[in-house]
Amino acid sequence: MNTVIEADGSMYPCDFYVLDQWNLGNITQDDFSSLKKKDRALQFVNESYPKNKECVSCSYLKLCRSGCKRHYVQNGTISQNYFCSSYKEYYSHAYERLREIAQLVRYYKKI
Numbered sequence: 001m002n003t004v005i006e007a008d009g010s011m012y013p014c015d016f017y018v019l020d021q022w023n024l025g026n027i028t029q030d031d032f033s034s035l036k037k038k039d040r041a042l043q044f045v046n047e048s049y050p051k052n053k054e055c056v057s058c059s060y061l062k063l064c065r066s067g068c069k070r071h072y073v074q075n076g077t078i079s080q081n082y083f084c085s086s087y088k089e090y091y092s093h094a095y096e097r098l099r100e101i102a103q104l105v106r107y108y109k110k111i
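FYI, the UniProt record's numbering numbers position 19 of the sequence shown as 19, with every residue one higher than the one before it.
Printed below as a string of structure tokens:
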């Protein structure tokens, strides 16, 4: 989960959801890792999991994770992320290079 920390220390699960209902707490008062485990944070993550058939069966799901829920929940209805075709085009072009970079990172972490 990505998080946003405001100047006053308030933490939110996403920069598009800096709203009272998604306030996870304050890092000046609570431990960072405990804030990420709060029920509200877990609810946000659970609501962000893909729910349409096309995402669930997509080979790039582990990379895009359906993108931001802001882009696929519209008027309370779950639809395809409107960046989906762009994600697919990008990942089909960059996947092999991204995989190589990940392998190099794992290799250099060992030495």
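We put the CB at the ideal spot given by N, CA and C, even for glycine. Only a predicted model underlies this, so the values are computations on that prediction, with no experimental measurement involved.
{"query": "Span of the beta strand (DSSP E), counted from its first residue to its last, around Tyr17", "result": "From DSSP, Tyr17 is part of no beta strand (DSSP E); its letter is neither H nor E."}
{"query": "DSSP state of Ser92 mapped onto helix, strand, coil", "result": "helix"}
{"query": "Between the CA atoms of Cys14 and Asn2 - distance to the nearest angstrom", "result": "6 Å"}
{"query": "Straight-line Cα distance separating Trp22 from Phe16", "result": "10 Å"}
{"query": "Given 8 Å, three or more beta-carbon pairs between the region 60 to 68 and the region 77 to 96", "result": "yes"}
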